[in-house]
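Trainee:
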Amino acid sequence: MEYSPPPFFKRGPSLLTRFTFFSIVSVVLLVADARFNYLTVLRQGIAAVVYPLQRLSSMPGGLVARVDDFFVTQSQLQRDNEQLKRQELLHTGALQLGKSLESENRHLRQLLGLRERLPREFIAAEILYSNRDPFTRRVVVDKGFQHGVKAGQAVVDETGVVGQVTRVFPWVSEVTLVTDKEQAVPIQSVRSGLRGVTFGIGYDGTLELRFMPVNADIQNGDLLVTSGIDGTYPPGLPVAVVSNVERNAAYPFARITCTPSAAVTSFSQVLIVSTADQLPANPVTDDEAGPRGRKAKK
Amino acid sequence: MNIDWLRAPPGGRTSPQEILLPVKTRYIALTLVSALVLDLFALPGLLQQIRPDFIALTLIYWVVYHPRRVGFLPAWSLGLIMDVADGSLFGQHALAYAVLMYLAVLLHRRIVMFGMRQQIAHVLVILIVSQLIMLGVRSMAGADFPGALYFVPSLLGAGMWPLLFNVIRVPLRPRSDPDAV
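Chains as they are written, first to last, in my numbering: chain L, 178 to 475; chain Y, 42 to 222.
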């Protein structure tokens, strides 16, 4: 021990003792968080304490954005306004058609005795910043459980699925993007109706469609939409477009790469979709399923 | 190119010769909170990923020059706060800061004897080791190596050491009184 004072000066426990103590506590916390998903309450408590500091440190950026917003030219506003009006007109048409289809669908489902689809609620949220953790693809949005956000809800933008809410704090929540490693989205191919699951592979702008047999009916350019069988994502939302299919008979599965439909890296406004709590209970309980990974619990 | 600011302050060696005002605990807390704000500051895209860890740098400064003023507990608690703010695994930064504190206390007697360039080298090693700890923790939890860009914050942080050194010392330098004898 290089750094030890003479014993007649009382200086508390030695450096190595203190280091060992704090390391062990850290490792215990790490295991509790990574393996068992405890500590949610502790995390939320600290988050509530840090929140004012976070707001304080995001203030200069917000101020710049606000000043920037203020100096928008008249012509640009007019152009935007016109464009939005045109879009709204188009959307209204589609919405009316959707309304009639919805009522027809409900009627048919009643006739067939199928379970009715509950209407979903949307919470509009703004992305505050992307998470600093370089190991994951996550963003933080400005709505938390004070606004009714729950962990596990799907997040979409106007072009497709963005990701899923994974942590909820009082005033903000954390969204894991579909491109995050191991983030799974159940999908269905629009062309062939084939069901599967896409996984993020940890780089921006790429998804992987795993566990598809080599002769699966998947082609370049196939649109993959959410299948809705997980009860989290509403069915029919675009997730990705197949960009590359590698079929090698040496491997049991084809290697299928996809490009996400939503602008996963560049959006600023998103919608948080409420989860429908209408699924029957899972016939396999957690104890029977054995130990599950960290990602499986999402 | 003028690199006078890189050289040691007058007196040949670095700091011990420079007489500074006594450090108040309030000032240490203020610098650490400012470092936290700098770390939390939202930056666009790539800048976010290469931002140096100001908390780590500030901790190293206080431990090296005033080893008895900042203990493990505040450093470790700041690590927990960073974990929550970053959304990383709970305890990851805390463990890294504990290792950083250990190395800094272990090396503080030699670091103060060196000139600025050698100090940068020491700081770089401490920062890289603490980042390697985080990388190891995340690898065990199943993450991939995020790319060579991961170590840029340490390089930038070590490069900013002279700047931080001088900024922290500004309020500690005695003001010369023109009316004095």
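Just so you know, even glycine gets a beta-carbon here, dropped at the ideal spot from N, CA and C.
Tell me, please, which residues DSSP counts as bridged to lysine 358 (chain L).
Mentor: L:Gly377
Trainee: Identify the continuous alpha helix (DSSP H) that holds glycine 239 (chain L) and give its terminal residues.
Mentor: 217-247
Trainee: Name, in chain order, the residues that DSSP records as bridge partners for asparagine 421 (chain L).
Mentor: L:Thr434
Trainee: With aspartate 310 (chain L) and glycine 128 (chain Y) assumed to form a contact (beta carbons below 8 Å), what rounded beta-carbon distance in angstroms separates them?
Mentor: 5 Å
Trainee: How about arginine 387 (chain L): is its Cβ closer than 7 Å to a heavy atom in the ligand SAH?
Mentor: Ligands in the displayed structure: none, and consequently the ligand SAH is not present.
Trainee: Does any CB atom of chain Y fall closer than 8 Å to the CB of glutamine 351 (chain L)?
Mentor: Position check: residue 351 (chain L) holds glutamate in this sequence, whereas glutamine was assumed. By this cut-off, glutamate 351 (chain L) is an interface position.
Trainee: If we ignore side chains and look at the alpha-carbon of each, how far apart do arginine 297 (chain L) and phenylalanine 322 (chain L) end up?
Mentor: 17 Å
Trainee: Among L:Ala301, L:Thr436, L:Leu266, L:Asn308, which one has its Cα closest to the Cα of valine 333 (chain L)?
Mentor: Residue L:Ala301 is the option with its Cα nearest to valine 333 (chain L).
Trainee: Taking the alpha carbon of serine 200 (chain L) as the reference point, which residue from Y:Val64, Y:Tyr191, Y:Phe113, Y:Arg92 has its own alpha carbon closest?
Mentor: Y:Phe113
Trainee: Helix, strand or coil for proline 57 (chain Y) per DSSP?
Mentor: Below a pLDDT of 50, predicted positions are generally treated as unreliable, and proline 57 (chain Y), at 47, falls in that range; the measurement from the model is reported next regardless. Reduced to three states, the DSSP call for proline 57 (chain Y) is helix.
Trainee: Report the neighbours of tryptophan 103 (chain Y) on chain L: residues whose CB is nearer than 7 Å to its CB, in chain order.
Mentor: Within chain L, no residue has its CB atom less than 7 Å from the CB of tryptophan 103 (chain Y), the nearest being about 15 Å off.
Trainee: Report buried or exposed for serine 350 (chain L), applying the criterion of at least 16 other Cβ atoms within 10 angstroms of its Cβ.
Mentor: buried
Trainee: For a cutoff of 8 Å on Cβ pairs, would you count leucine 205 (chain Y) as touching chain L?
Mentor: Not closer than 8 Å to any Cβ of chain L, the Cβ of leucine 205 (chain Y) fails to qualify, so no.
Trainee: Step through the CB atoms of chain Y and report whether any lies within less than 8 Å of the CB of arginine 469 (chain L).
Mentor: Bear in mind that a pLDDT of 48 at arginine 469 (chain L), under 50, signals an unreliable position, so the model cannot answer this.
Trainee: What is the rounded straight-line gap between the Cα of glutamate 423 (chain L) and the Cα of arginine 432 (chain L)?
Mentor: Going from the Cα of glutamate 423 (chain L) to the Cα of arginine 432 (chain L) covers about 5 Å.
Trainee: Does the beta carbon of valine 146 (chain Y) come closer than 8 Å to any beta carbon on chain L?
Mentor: yes
Trainee: List the DSSP bridge partners of glutamine 341 (chain L).
Mentor: L:Ala331, L:Thr353
Trainee: Would you call the segment 144-154 of chain Y and the segment 71-85 of chain Y touching, i.e. three or more CB-CB distances under 8 Å?
Mentor: Taking 8 Å as the limit for Cβ pairs, the verdict is that the segment 71-85 of chain Y does not touch the segment 144-154 of chain Y.
Trainee: Give the single residue among Y:Gly183, Y:Arg109, Y:Ala199 whose Cα lies nearest to the Cα of glycine 189 (chain L).
Mentor: Y:Arg109
Trainee: What's the C-alpha gap between leucine 119 (chain Y) and serine 369 (chain L)?
Mentor: 53 Å
Trainee: In or out: alanine 199 (chain Y) buried (at least 16 other Cβ within 10 Å) or exposed?
Mentor: buried
Trainee: Compare the beta carbon distance of tyrosine 138 (chain Y) and phenylalanine 206 (chain Y) with 8 Å and say whether it is the shorter of the two.
Mentor: no
Trainee: Is serine 129 (chain Y) close to chain L, meaning its C-beta is less than 8 Å from at least one C-beta of that chain?
Mentor: yes
Trainee: Residues in the segment 184-211 of chain Y with C-beta within 7 Å of chain L's C-beta atoms, listed in sequence order?
Mentor: Listed by position along the chain: Ala184, Asp185, Pro187, Tyr191.
Trainee: Go ahead and pull the three-state DSSP assignment for arginine 283 (chain L).
Mentor: helix
Trainee: Measure the alpha-carbon distance for methionine 389 (chain L) versus isoleucine 395 (chain L) and round it to whole angstroms.
Mentor: 9 Å
Trainee: Quick check on tyrosine 143 (chain Y) - is its C-beta less than 8 Å from some C-beta in chain L?
Mentor: yes
Trainee: Have a look at leucine 207 (chain L) and alanine 182 (chain Y) and give me their C-alpha separation to the nearest angstrom.
Mentor: 9 Å
Trainee: In terms of DSSP beta bridges, what is serine 366 (chain L) paired with?
Mentor: L:Leu401
Trainee: Would you check if the segment 208-217 of chain Y and the segment 170-188 of chain Y touch, i.e. whether three or more CB-CB distances between them fall below 8 Å?
Mentor: no
Trainee: Taking a contact to mean a Cβ-Cβ separation below 8 Å, would you say serine 499 (chain L) touches aspartate 399 (chain L) in this structure?
Mentor: Residue 499 (chain L) falls outside the range modelled here, since chain L spans only 178 to 475, and no answer is possible.
Trainee: Our contact map puts valine 170 (chain Y) next to valine 193 (chain Y) with C-beta atoms below 8 Å; I'd like the distance itself, whole angstroms only.
Mentor: At roughly 16 Å, the Cβ-Cβ gap does not stay under 8 Å, so valine 170 (chain Y) and valine 193 (chain Y) are not in contact.
Trainee: Hey, which unbroken runs of the alpha helix (DSSP H) at 4 residues or more fall wholly within the segment 157-187 of chain Y?
Mentor: 157-181
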